[in-house]
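Residue numbers (this note's numbering): 494 to 790.
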């Protein structure tokens, strides 16, 4: 399912890459509501399902030691995600909504782009109501509850990230109307999924695709291979990405409190037009104007 979204012809939205484009986007699947939500059916999860969650959680806790932003660790704590087993969304939402007004809604895994961004716009995060099998611990074609909840939800307890995610919901719907979803997808990809941040003069992980990945949580910070580039919105909108391998470049923001400033006051329609007038940038390329945090091998 993974593809290079430098080609705007396929569905290149973050929903298509991480939350999936529905096989039939015109009709919710049987049992789903009009907004594609379904019951979580937490009681139907098996002991094996809970055991897989516990294994993945413990493995990532070890992998992320000292590597993730403080707000991620704080989110795990205040939302009590370290409790054994797959989280019950009803209990999780009581804590999450009280902090930032967000809730987690269960979906069957694949939702249309407009539905995905509409949920974000209303501070609802769609999360799969299933978990991977043991045979799929390190590869899954569509996001499951571990990626969605462990990877994304802890930072939704942080006000700066919560507001940024709602802003992306608005921007996603606008990008759909403007035919520029492949551009907005790059912003989502290089922040929400694969972002790095400076914190206490160190590089830290905040992107969900990294924090939920056993291999990339080390690679992103410690490997000499990728470029680590100071975040620049215009640069990001022109930078393609591949989703079938670890990233060739990561973009670094100056701390989570400044995340919303990435989008505030920017004319995205003008930015999309400007990006279309220039050539796309290969993800492995270092441009002359880049401010490098670390250059890859």
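By construction, the Cβ of each residue, glycine as well, lies at the ideal position given by its N, Cα and C atoms.
Counted as a single uninterrupted DSSP element, the alpha helix (DSSP H) harbouring residue 592 occupies residues 582 to 593. DSSP lists no bridge partner for residue 769.
Exclusion of the five residues before and after residue 523 leaves no residue of its chain whose Cβ lies closer than 7 angstroms to its Cβ. A contact between stretches requires three or more CB pairs, one per stretch, nearer than 8 angstroms, and the stretch 574 to 582 meets this requirement with the stretch 536 to 544. Counting only runs of at least 3 residues, the stretch 591 to 658 fully encloses the following beta strand (DSSP E) elements, listed from N- to C-terminal order: 596 to 600, 617 to 621. Residue 690 and residue 746 have their C-alpha atoms some 5 angstroms from each other. Where residue 527 is concerned, there is no enclosing alpha helix (DSSP H), because DSSP gives it neither an H nor an E. Of the residues assessed, residue 637 falls on the buried side of the cut-off, its CB having 16 or more other CB atoms within 10 angstroms. Counting only unbroken stretches of 3 or more residues, the beta strand (DSSP E) elements lying wholly within the stretch 648 to 720 are 689 to 692, 695 to 698, in sequence order. In the assembly as shown, residue 727 is an exposed residue. Its beta-carbon has fewer than 16 other beta-carbons within 10 Å.
Residue 632 counts as exposed, since fewer than 16 other C-beta atoms from the protein chains shown sit within 10 angstroms of its C-beta. Exposed is the label assigned to residue 527, since fewer than 16 other Cβ atoms lie within 10 Å of its Cβ. Judged by beta-carbon spacing, residue 639 lies within the 8 angstroms limit of residue 705, meaning their Cβ atoms are closer than that value. Looking only at 557, 740, 696, 673, the smallest Cα-Cα distance to residue 769 is reached by 673.
Between the stretch 552 to 564 and the stretch 588 to 599, the count of C-beta pairs closer than 8 angstroms stays below three; the two stretches do not touch.
Note: residue 743 is bridge-paired with 721 in the DSSP secondary-structure output. With 16 or more other Cβ atoms from the protein chains shown falling within 10 Å of its own Cβ, residue 605 counts as buried.
By the beta-carbon neighbour count (other beta carbons within 10 angstroms, threshold 16), residue 659 is buried.
Beta-bridge partners of residue 732 (DSSP): 774. Under the three-state reduction of DSSP output, residue 561 falls in the strand class. Within the same chain, Cβ atoms closer than 8 angstroms to the Cβ of residue 525 are found at 531, 600, 601, the five residues on either side in sequence being excluded. Taking C-beta atoms under 8 angstroms as the contact rule, residue 773 and residue 733 qualify, at a distance of about 5 angstroms. When DSSP states are grouped into helix, strand and coil, residue 755 belongs to the helix group. The continuous alpha helix (DSSP H) containing residue 549 extends over residues 540 to 556. Non-local C-beta neighbours of residue 753 in its own chain, meaning closer than 7 angstroms and more than five positions away in sequence, comprise 653, 656, 657, 660, ordered along the chain. Rounded to whole angstroms, residue 676 and residue 765 show a C-alpha spacing of 7 angstroms. Collapsing the DSSP output to three states places residue 569 in a helix.
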